[in-house]
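Only one structure is covered here, and it is reproduced in the block below.
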Amino acid sequence: MDNCSVMSDEDYDVISNPGQRSLESSIADLSHIPTQNIYEPPPLRAAKEKFNTARLAASDIQSYVRKGIDATTAGRSAGYPSLAESKTVRVYVDGAFDAFNAGHALQLRQAKLSFPNVYLSVGVFSDDLCQSHGNLPKYPHIERLELLRHCRWVDEVISDAPRSLDDNFIFKNKIDYVALDEGSSVDPEFDKIRLQGYDTLKKLGRVIPTRRTSGLAPVELTVPVSESSQATPFRKAPELEPESSGDQEEVISGISGLMLDGQW
Numbered sequence: 011m012d013n014c015s016v017m018s019d020e021d022y023d024v025i026s027n028p029g030q031r032s033l034e035s036s037i038a039d040l041s042h043i044p045t046q047n048i049y050e051p052p053p054l055r056a057a058k059e060k061f062n063t064a065r066l067a068a069s070d071i072q073s074y075v076r077k078g079i080d081a082t083t084a085g086r087s088a089g090y091p092s093l094a095e096s097k098t099v100r101v102y103v104d105g106a107f108d109a110f111n112a113g114h115a116l117q118l119r120q121a122k123l124s125f126p127n128v129y130l131s132v133g134v135f136s137d138d139l140c141q142s143h144g145n146l147p148k149y150p151h152i153e154r155l156e157l158l159r160h161c162r163w164v165d166e167v168i169s170d171a172p173r174s175l176d177d178n179f180i181f182k183n184k185i186d187y188v189a190l191d192e193g194s195s196v197d198p199e200f201d202k203i204r205l206q207g208y209d210t211l212k213k214l215g216r217v218i219p220t221r222r223t224s225g226l227a228p229v230e231l232t233v234p235v236s237e238s239s240q241a242t243p244f245r246k247a248p249e250l251e252p253e254s255s256g257d258q259e260e261v262i263s264g265i266s267g268l269m270l271d272g273q274w
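Residue numbers (our numbering): 11 to 274.
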């Protein structure tokens, strides 16, 4: 994606379709998909008190996304789909999703509820891709894919997700918006290669914000690549204390007595 295309407001809608179609035209491709009313069990009071994103209603999420889109020139040009349109918007989220936790689920919930009608695609990084960037997932790729497939918010799981998004991937999967946790661009621990693709999409008004979940328990998501992934954990056997000479003499004396009695 060249600089001319990035900086030109006239080219913002190329991200939806290489044929220079508008957002409305692009999302019309999904209009045949029936609207689904997702049943969501209400969160416990304790969950709403602990996790800031668990208490967000769909209207809260959509209002926040609308503000994020309107903050950019390209986003204002694309426009936010109205409730009357009832068109399906294709939203994309990617990641390793290793040690899937409440934070992952609550981000996917925000992505799914970001528009009145959303088709949510989730890309999962492969084991080789993670390892090539210095991390080896605790759970194999196939398990992470299967876990995402069973999440109530996910409509499609993409197994060959790239580390950095580009035009080809966006066009191939007809992605309208990419959901990204707020603050990722200034997070020193966030992958800089991934940010390059996101930054380009931001300039085109195609990134929607999701709020980070606070209150999560700390989890070590990855192990160093140098450690063997095949190692089997074991518990070291307790060391036996050496027997005293007195104990040995008692054992020998006992055996001798049994032999004399004909019991050995």
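The beta carbon of each residue, even a glycine, is placed where N, CA and C say it ideally should be.
DSSP, read as helix, strand or coil, puts Gly-193 in coil. For Val-132, the closest alpha carbon among the candidates Asp-138, Ala-81, Arg-154, Lys-58 is that of Arg-154. Distance from the Cα of Leu-205 is smallest, within the candidate group Phe-181, Asp-176, Lys-60, for Asp-176. Gly-207 is not a Cβ neighbour of Ser-169, given a cutoff of 7 Å.
The beta carbons of Asp-165 and Val-99 sit about 12 Å from each other, so the pair does not count as a contact at 8 Å. If you ignore the 5 residues before and after Ala-68, its C-beta comes within less than 7 Å of the C-beta of Leu-123, all in its own chain and listed in chain order.
Here the C-alpha atom of Asn-145 lies approximately 28 Å from the C-alpha atom of Lys-182. In this structure Leu-116 touches Thr-63 by the C-beta definition: roughly 4 Å separates them, less than 8 Å. A straight line joining the alpha-carbon of Leu-158 with that of Pro-147 spans about 15 Å. DSSP places Ile-218 in the strand class (E or B) of the three-state scheme. In the three-state scheme derived from DSSP, where H, G and I count as helix and E and B as strand, Val-75 is classed as helix. In the three-state scheme derived from DSSP, where H, G and I count as helix and E and B as strand, Leu-66 is classed as coil. Counted as a single uninterrupted DSSP element, the stretch harbouring Asp-186 is not any alpha helix (DSSP H), since DSSP gives it neither H nor E.
Look at Asp-104 here: in three-state DSSP terms it is strand. Restricting attention to Pro-150, Leu-226, Val-101, the CA atom closest to the CA of Leu-211 is found in Val-101. In this structure, the CA atom of Asn-178 is about 44 Å from the CA atom of Arg-55. Taking C-alpha positions only, Phe-110 is separated from Arg-222 by approximately 15 Å. Per DSSP, reduced to three states, the secondary structure at Gly-113 is helical.
The C-beta distance from His-151 to Val-128 rounds to 25 Å, too long to meet the 8 Å contact threshold.
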